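What follows is a single structure, written as C-alpha cells, with notes after it.
There are 2 protein chains.
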Amino acid sequence: MDDTASTPRSRAREQTMRDIVRIGREHLATDGAAALSLRAVARDLGLVSSAVYRYVASRDELLTLLVVDGYDELGDAVDAALAGVDRSDHAGRMAAIGRAVRAWGLAEPATYALLFGSPVPGYEAPAEQTNRPGTRVVERLVEVWEDAWQAGAVRVDEGAVSPRRLSRDLARIRRQMGLTVPEQLVARGLFAWAALFGCVSWEVFGQYGADTLADPGDLFEHHLAALVESVGLR
Amino acid sequence: MDDTASTPRSRAREQTMRDIVRIGREHLATDGAAALSLRAVARDLGLVSSAVYRYVASRDELLTLLVVDGYDELGDAVDAALAGVDRSDHAGRMAAIGRAVRAWGLAEPATYALLFGSPVPGYEAPAEQTNRPGTRVVERLVEVWEDAWQAGAVRVDEGAVSPRRLSRDLARIRRQMGLTVPEQLVARGLFAWAALFGCVSWEVFGQYGADTLADPGDLFEHHLAALVESVGLR
DNA sequence: TGAAAGAGAGAGCACTGCTCTCGTTCCATC
DNA sequence: GATGGAACGAGAGCAGTGCTCTCTCTTTCA
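Protein sequences, first through last, are from chains F and S.
Each residue of the first sequence is one higher than the one before, counting from 476 in our numbering.
Each residue of the second sequence is one higher than the one before, counting from 476 in our numbering.
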C-alpha cells in the first residue's frame, strides 16, 4: 500500500496513467495496433504530444501496457467462466475456457490480435512484464487436464513420446510445472492449446469468409468437441 | 499473350512492376507489413516517391500485390510437396500439406503474418484478386479428404451435424464444392484446417516461448498425427 | 524557505502516405 | 512523318507520425 505516500501529484499521475491505458485501448479497438499513435492519445487526453512522454517512455511501452491489460482481462474472463463449472466436469471446464477465449476475442478483436496475431515488427514484449499474465489461460487448461488425469478421466497412451529429443522437452515441462500427467498428454495438451487459439483466430481474423456460416458459434461448439476428444477427455 | 502489343515502354513497365513486388517483399521480410513504406521501396528502386504512384495506386494496393504473391508461393510449395506423395497415401498427403505450410511459414514469417495473422487495420484484401490464390491450400486439403472418403479410408460418424443451422451450412459447402464426403467430415475438415494453421501460427509467431523446445519440428510431427486423427483418416 | 523534481508547452528533426504541378519522353493515329 | 495525348519522373507541399530538447511554471520535501 503506497496510498500512505499519496500526494495530490502522485494521485494525478496514477489517474493520468489509467487514462492513457483507457484511451490507448479505445484507439487500439478502432484503429488497430499498427495505427496506435501516441500523438492521438495525447490529443484525446488534452495534452501536447511531448507531455505524454512524462508517463510513457515510448510507443512500445504503451503497447506493453496494453498487452498486459489485455492478458489480464482475458485471464479474468476465463476465470469467471470457470467459476460456473463444476470442478469434476473436466470436459465442461475445457469447453468453458474455449468459449471464454472465443467470446473475449470476438469482443476485443484488436487486443486479441495484439496478443495472438502477427508480432508487431520491431517490438518484443518484455518477458518480465508479460510472462505471468500471458500464461494464465494455458495454466488453467493444464489444471483441467491434470485434474482429469488424477481423476482417471483421460484416455491416453502412456508410452514415451518419440523422438527422444521431444520426450526430454516434454519431461522437463512436466517437471517444471509439477505435473503427474504422462508425456503423451503434455504433447496433446500443447496441440489442443495451439489448435484452440487457431480456431478462435480463424474466426476473429475472418479466415472462414464472410458468408460461409450462419452462426460460427455452432461450428465452434463442434470444434470444442474435437479439441476435448484430442486430449482424450471423457 | 499480349506480347504482341509489347512496346519498349510496356516492357519497362512490367519490369518495374516486378521490381516493386520484389523490393516490397524484401521490405516485408525485414520490417514487416506495418512498416512497409512506399517511399522506401521507391528509394531502393532509384525513383522519387511520387513516381511509384504511376505503378501502384496506394500502399494498400502494394499490400494486395504482396498478398497475391504470397498465396501463390504458398500454393506452389504445397503443390510441390504433394507431387512427391502417392495419391493413395491419404495421411501422408495431409501431413505433407501441413509440413509444406509450416516450412513456408517459417521461411517467410512476414508474408505468412500478412496472410494469416492479424488483419491490417483499414485494409481489406479485395476478394476478386485474393480469393482464388487464397483457397489453394484448403482446396488441396479437401481433395485429400474426398479421395480418402471415396477410398473408404475415413472413419467418421455419418449422422447429420447439429444444430440444424450448422448442418445446412455444411450441406451447402458440400454441394458447392461437389463433395461426396458426409457433413461430419466437412466439419472435422474445417476444424483440422483451422487447427493446422493454429499450430503453424503458434510456432511462427513464437507463442511457445523461446527455450521451450529443442526442435519444434518434433512437436509439429506429433501435432500432424493429432490432426490426421481428428479427421478420422486411417 | 529554497533547491530539486515533476509537469506541460512548444519548436524542431526525420520520417510517412499521398497529391499536385511541371517539364520531358514515348507512341499511336491521322 | 508530323502531332496530340498519354505515360513518366522530379519536386514541392500537406498533414500526419515518433521522439528529443529546451523552456517555464508548479509541486514537493528537506
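Note that CB positions come from ideal geometry on N, CA and C, so glycine has one too.
In this text the structure is predicted, and so the values were computed from the model without any measurement.
Worksheet item: Going by Cα to Cα distance, which pick from L537(S), R514(S), H698(S) and R488(S) is closest to T605(S)?
Response: Here residue 605(S) refers to the residue found at position 130 when the second sequence is read from its first residue. Out of L537(S), R514(S), H698(S) and R488(S), L537(S) has the C-alpha closest to the C-alpha of T605(S).
Worksheet item: Using 8 Å as the threshold, is the stretch 602-619 of chain F in touch with the stretch 657-667 of chain S, meaning 3 or more CB pairs across them?
Response: no
Fill in: Within chain S, partners of V636(F) - CB distance below 7 Å
Within the first sequence, residue 636(F) is the residue found at index 161, counting from 1. Result: H697.
Item to complete: Give me the Cα-Cα distance between S524(S) and M492(S), rounded to the nearest whole angstrom.
Response: Numbered from 1 along the second sequence, position 49 holds the residue referred to as residue 524(S). Numbered from 1 along the second sequence, position 17 holds the residue referred to as residue 492(S). Going from the Cα of S524(S) to the Cα of M492(S) covers about 15 Å.
Worksheet item: Alpha carbon to alpha carbon, how far is V576(F) from D554(F)?
Response: If you number the first sequence from 1, residue 576(F) lands on position 101. If you number the first sequence from 1, residue 554(F) lands on position 79. When rounded, the distance between both Cα atoms is 11 Å.
Discussion item. In this structure, how does DSSP classify L641(F) when only helix, strand and coil are distinguished?
Written reply: One-based indexing of the first sequence puts residue 641(F) at position 166. In this structure, L641(F) counts as helix in the three-state DSSP scheme.
Practice prompt. Flag D519(F) as yes if its beta-carbon sits less than 8 Å from any beta-carbon of chain S, otherwise no.
Written response: Numbered from its first residue, the first sequence carries residue 519(F) at position 44. No, D519(F) lies away from the interface with chain S (no Cβ there is under 8 Å from its Cβ).
Worksheet entry | Those residues which DSSP pairs with L708(S) across a bridge | Looking up residue 708(S) in the second sequence gives position 233. Looking at the DSSP assignment, L708(S) forms a beta bridge with V629(S).
Fill in: Span of the alpha helix (DSSP H), counted from its first residue to its last, around S524(S)
On the second sequence, residue 524(S) is found 49 positions in, with the first residue counted as 1. S524(S) -> alpha helix (DSSP H) spans S524 to V527.
Worksheet entry | Inter-residue Cα distance where the pair is L645(F) and E501(F) | Stepping through the first sequence from its first residue, residue 645(F) is reached at position 170. Stepping through the first sequence from its first residue, residue 501(F) is reached at position 26. Cα to Cα, L645(F) sits roughly 40 Å from E501(F).
Fill in: DSSP state of Y683(F) mapped onto helix, strand, coil
As a position in the first sequence, residue 683(F) is number 208, starting the count at 1. It is coil, neither helix nor strand.
Discussion item. One question on the structure: do C674(F) and G681(S) come within less than 8 Å of each other, judged by their Cβ atoms?
Written reply: By one-based count along the first sequence, residue 674(F) stands at place 199. By one-based count along the second sequence, residue 681(S) stands at place 206. No.
Fill in: CB contact check: V595(S) to chain F, cutoff 8 Å
Taking the first residue of the second sequence as 1, we reach residue 595(S) at position 120. Closer than 8 Å to some Cβ of chain F, the Cβ of V595(S) qualifies, so yes.
Worksheet item: Any beta-carbon of chain S closer than 8 Å to the one on G673(F)?
Response: The residue you call residue 673(F) lines up with position 198 of the first sequence. Output row for G673(F): interface = yes.
Worksheet entry | Residues that R440(S) contacts on chain F, provided the C-beta gap is smaller than 7 Å | Residue 440(S) lies beyond the stretch modelled for chain S, which goes from 476 to 709, so this question has no answer here.
Worksheet item: Would you say S676(F) reaches chain S, if we count a Cβ-Cβ gap shorter than 8 Å as a contact?
Response: Looking up residue 676(F) in the first sequence gives position 201. Closer than 8 Å to some Cβ of chain S, the Cβ of S676(F) qualifies, so yes.
Discussion item. In whole angstroms, give me the CA-to-CA distance for D478(F) and R488(F).
Written reply: Sequence index remark: in the first sequence, residue 478(F) carries index 3 (1-based). Sequence index remark: in the first sequence, residue 488(F) carries index 13 (1-based). Reliability of the predicted coordinates at D478(F) is poor, the pLDDT of 42 falling under 50, and the value obtained from them is presented with this limitation in mind. Each residue's alpha carbon lies about 13 Å from the other.
Worksheet entry | DSSP-derived helix/strand/coil call for A566(F) | Counted from its first residue, the first sequence places residue 566(F) at position 91. Of the three classes helix, strand and coil, the one that applies to A566(F) here is helix, per DSSP.
Worksheet entry | Alpha carbon of S637(S) to alpha carbon of G573(S), nearest angstrom | Residue mapping note: residue 637(S) aligns to position 162 of the second sequence, counting from 1. Residue mapping note: residue 573(S) aligns to position 98 of the second sequence, counting from 1. Approximately 28 Å, taken between the alpha carbons.
Worksheet item: What residues in the stretch 503-514 of chain F bring their beta carbon closer than 8 Å to a beta carbon of chain S?
Response: D506, G507, A508, A509 and A510
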